[in-house]
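Data first, discussion second: the structure below is written as structure tokens.
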Amino acid sequence: MKRKSISGSRNRILSAEIHQLPLRMCILGGGGYLGQHLTKALQNAGHFVVVLDLHFQRFPHIVLDTTRMLQIRGSILDLDALRKALSGCDACFHMAGYGMSGGASLDYEMCMRVNFGGTQLIISECLRLNVPRLIYTSTIGVIFAQEELHMADETTPYAKHFVNAYCESKYLGEVALLQANSPGKLATCALRLRGIYGPGELRTVKTTVDLSRSGWVKATFRKSKLCLTQYSRVDNCVQALLLSEESLRQRNSPTAGQAYHIVDDLPAVDPFGFWYPLIEAAGVSVPKFCIPYWLAYFAAYTMEWLYWLTGMEPLFTRFEANLMAYHNTYSVEKAKRDFGYRPAQNHDLTSTIKFLQHEQKHAEVSKGNNLEQIWKLVIKFLHLLDPSWLAQYLHRSVGIGDCCGPQQVFHKFLMVLSVLILSSMVWPSMVSMLCCSLTYIVSY
1 MKRKSISGSR NRILSAEIHQ LPLRMCILGG GGYLGQHLTK ALQNAGHFVV VLDLHFQRFP
61 HIVLDTTRML QIRGSILDLD ALRKALSGCD ACFHMAGYGM SGGASLDYEM CMRVNFGGTQ
121 LIISECLRLN VPRLIYTSTI GVIFAQEELH MADETTPYAK HFVNAYCESK YLGEVALLQA
181 NSPGKLATCA LRLRGIYGPG ELRTVKTTVD LSRSGWVKAT FRKSKLCLTQ YSRVDNCVQA
241 LLLSEESLRQ RNSPTAGQAY HIVDDLPAVD PFGFWYPLIE AAGVSVPKFC IPYWLAYFAA
301 YTMEWLYWLT GMEPLFTRFE ANLMAYHNTY SVEKAKRDFG YRPAQNHDLT STIKFLQHEQ
361 KHAEVSKGNN LEQIWKLVIK FLHLLDPSWL AQYLHRSVGI GDCCGPQQVF HKFLMVLSVL
421 ILSSMVWPSM VSMLCCSLTY IVSY
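Last residue of the sequence shown: 444 in this note's numbering, with the numbers rising by one and none dropped.
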């Protein structure tokens, strides 16, 4: 009995020492906004960080200590690069992914290859290189598709049908990772995020501002009578990542093999109304009209169809439309209980707005009047009709070979044009949707 007590005491001391020691942490796909915030937090805790990514974005307000990190430019599918990144690491944060938004989310082959196949590869290499902990950034899209969710907890079953390849591939990756949890070998967990926001964030915040300034965010839409949701503040995401990794260090950790919802705490917010203070800070009027959900969904479906036909990037997809139209809220009680998640400044855009205002003061903002915008659109449209550009574009997106002559190229162009004209005749709103898409090209 005494021996057991001494052994338990030693384990507690060892656990405390491990908690304080500088560790070698790996972040796969850590070159973006969330990854760099996590890198900074890990460095502040005294750890050395290895970051593997294809691209490293620049955020002047996120200052990293380059002497306490190693950047590796490469893909998680590159075995040599992956092994170099994981070698000697005490934990791995798997943030790498493909198709989070836009047309890329519809690319089944690439999403499966990176999000599912890549995750399987990471699991096997963590086991081979004795990396003891693996934390996966997942998405609430694994349980949300086209139905309302009211304070959904982690017992909510996975979605039966997925409206894009990204969510399906993330679901498969999450299942594989949680099943790989093995006591004494590899401790895993998955954190499901939803719409990361914060100062200087590029995907959600910047896109919202840019689309508003372009003048095409004129209406909202909804399917649910009461439509509320929750977003994921970047600081809260980082907190959850740090706490979950610390929890996995424990023997018989309650976090091991589990999935968690990581969003801001209640109260939930209106999916459109949440962004209104940011839109107004950008000097743009908030939307005053509400269109039927079916029209927004049809627009998304049409833009997805145009993406497959021409490669034109959609303004939004069906999944993104559903996220904004259906009531979807999530419980964070499990994360609070298992590893002490305490979200702060919930749904607070104050710092994000201040950052935007600071940028507006110190950057050259091209305001332009409506005539200039129309002229840009005309120039861009004329560029689309340039024969040499058209030949290259159709070769890349429709699959015309180099052997095709002008007749074949022109035939393909007429085919695409005739389909668009026919669609606009069948459904008048198609014309305005096409204009929206062309305007997006200008702003993009």
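All C-beta atoms, glycine included, are put in the ideal place defined by N, C-alpha and C.
Exercise. Can you list the beta strand (DSSP E) stretches of 3 or more residues lying completely in the stretch 248-283, in chain order?
Worked result: 258-261
Problem set entry | Close Cβ partners of Leu127 (< 7 Å) along its chain, the five nearest in sequence each way excluded | Lys185, Leu186
For this session: Would you kindly work out how many angstroms separate the C-alpha atoms of His327 and Thr229, rounded to a whole number?
Result: 6 Å
For this session: Could you please give me the residues that DSSP links to Ile135 through a beta bridge?
Result: Phe93, Cys189
Problem set entry | Cβ-based burial, Trp294 [other Cβ within 10 Å; buried from 16] | Under the 10 Å beta carbon count, Trp294 is surrounded by fewer than 16 other beta carbons and is classified as exposed.
Exercise. So what does DSSP say about Asn115, is it helix, strand or coil?
Worked result: Reduced to three states, the DSSP call for Asn115 is helix.
Exercise. What's the gap between the Cα of Val217 and the Cα of Leu226?
Worked result: Pairing Val217 with Leu226, the inter-Cα distance amounts to about 21 Å.
For this session: Find the nearest neighbour of Gly200 within the set Asp235, Met112, Trp308, Leu70, judged by alpha-carbon distance.
Result: Asp235
Problem set entry | Cβ contact check for the stretch 331-345 and the stretch 168-176: 3 or more pairs under 8 Å | no
Problem set entry | DSSP beta-bridge partners of Leu70 | The partner list for Leu70 (beta bridge, DSSP) reads Val50.
Exercise. For Gly31 versus Ala96, is the C-beta distance shorter than 7 Å?
Worked result: no
Exercise. Quick one, which of Gln71, Leu42, Thr66, Ala45 has its alpha-carbon nearest Leu54's?
Worked result: Gln71
Problem set entry | Cβ pair count under 8 Å reaching 3, the stretch 137-156 against the stretch 111-129 | no
Exercise. Just the Cα atoms here: how many angstroms apart are Ser285 and Phe319?
Worked result: Pairing Ser285 with Phe319, the inter-Cα distance amounts to about 26 Å.
Problem set entry | Top-ranked residue by Cα proximity to Arg192, from Phe162, Val263, Lys354 | Among Phe162, Val263, Lys354, the Cα nearest to that of Arg192 is on Val263.
Exercise. Under 6 Å from any heavy atom of the ligand SAH, does the C-beta of Leu82 make it?
Worked result: For the ligand SAH, the structure offers nothing, since it holds no ligand at all.
Exercise. Do you know how far the Cα of Thr350 is from the Cα of Ala45?
Worked result: Cα to Cα, Ala45 sits roughly 26 Å from Thr350.
Problem set entry | Among Gly273, Glu359, Thr208, the one whose alpha carbon lies nearest that of His347 | Gly273
Exercise. Of the residues Arg233, Arg342, Cys26, which one's Cα is nearest the Cα of Leu129?
Worked result: Cys26
Exercise. Near Gly257, which residues of its chain fall below 6 Å by C-beta distance, leaving aside the five closest residues on each side in sequence?
Worked result: These residues qualify, in order along the chain: Leu178, Asn181.
For this session: Determine the DSSP secondary structure at Met151, reduced to helix, strand or coil.
Result: strand
For this session: Go ahead and label Val209 buried or exposed: buried means 16 or more other beta carbons lie within 10 angstroms of its beta carbon, across all protein chains shown.
Result: buried
For this session: On a CA-only basis, which of Lys354, Lys336, Val63, Ala145 is nearest Phe162? Give me that one, please.
Result: Ala145
Problem set entry | Straight-line gap, Thr155 to Cys189 (C-alpha atoms, nearest Å) | If you draw a straight line from the Cα of Thr155 to the Cα of Cys189, it comes to about 15 Å.
Exercise. With a Cβ-Cβ cutoff of 7 Å, do Phe93 and Ser169 count as a contact?
Worked result: no
Exercise. Taking all protein chains shown into account, do 16 or more other C-beta atoms lie within 10 angstroms of the C-beta of Arg133, making it buried, or fewer, making it exposed?
Worked result: buried
For this session: Keeping to the same chain, check which residues put their C-beta closer than 6 Å to that of Asp90; ignore five residues upstream and five downstream.
Result: Within the same chain, Asp90 has close Cβ partners Leu23, Arg24.
For this session: Output the distance between the C-alpha atoms of Gly215 and Lys288, rounded to the nearest integer angstrom.
Result: 13 Å
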